[in-house]
Amino acid sequence: MAKVLKIDRLPKLPKRSFIYLLICGGGIFLFCLIGIYPNFKEISSLDDEISILNQQISEQEILFPVFKKMLSRIKQSTHWKGMQDTRKKLKTEDIAAFSDILGGFAQKSNLSINENTIDIRRFKEKGGFLEMNFSMNGDLDDFRIFIIQMMALPYDIRIGRLKIEPISEQKDFQFCLWLALE
Numbered sequence: 206m207a208k209v210l211k212i213d214r215l216p217k218l219p220k221r222s223f224i225y226l227l228i229c230g231g232g233i234f235l236f237c238l239i240g241i242y243p244n245f246k247e248i249s250s251l252d253d254e255i256s257i258l259n260q261q262i263s264e265q266e267i268l269f270p271v272f273k274k275m276l277s278r279i280k281q282s283t284h285w286k287g288m289q290d291t292r293k294k295l296k297t298e299d300i301a302a303f304s305d306i307l308g309g310f311a312q313k314s315n316l317s318i319n320e321n322t323i324d325i326r327r328f329k330e331k332g333g334f335l336e337m338n339f340s341m342n343g344d345l346d347d348f349r350i351f352i353i354q355m356m357a358l359p360y361d362i363r364i365g366r367l368k369i370e371p372i373s374e375q376k377d378f379q380f381c382l383w384l385a386l387e
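Each residue of the sequence shown is one higher than the one before, counting from 206 in the numbering used here.
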């Protein structure tokens, strides 16, 4: 007959083996804690960023046809084409009068002009465009009216940059205009 092995007691582990087992187990635990867990957290944060970017990309894919359709409508609009055709270049002798016109628009719009500089040195660099820098104070709605009046002028005017800074209740507007000169 086969002998049946009875295990009624676990064999006694030597004290040193138990200490080695604890040290190895602690080392493995520290390796997991220091080496694996931070990487796991980093990977999960990267997954979150990827999901956010995928959502933004899908939104852009949805909105791109709408943008393209609106852009084609603007290009086909006869009002836009007529407006581009009627734009003319400003004569060099009319630069001072143009500054006075803009000053009048600013006064009507309740804006105060702090600074108005004309950069003649960069005229050739800009390809026939004269750069005018303005600094104004006033309300945002008044500034909007000023821009609408300015863009209604028959001259080829382009806004190069626009910076709006809040100052108490009013705002400080700094912008650069490019005027096409003959």
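Backbone N, C-alpha and C fix where the C-beta goes; we use that ideal spot for every residue, glycine too.
Spanning the alpha carbons of ILE257 and SER249 requires a straight line of approximately 13 angstroms. Shortest Cα-Cα distance from ASP344 to any of LEU316, LYS280, GLU266 and LEU386 involves LEU316. Contact between ALA311 and MET341 is confirmed by a C-beta separation of about 6 angstroms, below the 8 angstroms threshold. The DSSP-derived three-state label of ARG278 is helix.
Apart from the 5 residues on each side of it in sequence, LYS296 sits with its Cβ closer than 8 angstroms to the Cβ of LEU386 and GLU387 in its chain, given in chain order. The DSSP-derived three-state label of LEU268 is helix. Short of 7 angstroms from the beta carbon of ASN319, and not among the five residues preceding or following it, lie these beta carbons of its own chain, in chain order: SER340, MET341 and ASN342. Distance from ARG292 to ASP361 at the Cβ level is roughly 4 angstroms; contact confirmed, criterion being Cβ atoms closer than 8 angstroms. Taking the Cα positions, LYS273 is about 16 angstroms away from ILE262. Taking the C-beta atoms as reference points, PHE351 is found no nearer than 7 angstroms to SER304. Assigned with DSSP and collapsed to three states, ASN315 falls in coil, not helix or strand. Beyond the five residues adjoining it in sequence on each side, ILE306 comes within less than 8 angstroms, by CB distance, of LEU358 in the same chain, given in chain order.
With 16 or more neighbouring CB atoms inside 10 Å of its own CB, LEU382 falls in the buried class. In the three-state scheme derived from DSSP, where H, G and I count as helix and E and B as strand, LEU382 is classed as strand. In this structure LEU335 is in contact with LEU384, their Cβ atoms being roughly 5 angstroms apart against a cut-off of 8 angstroms. When only Cα atoms are considered, GLY308 and ARG278 end up about 35 angstroms apart.
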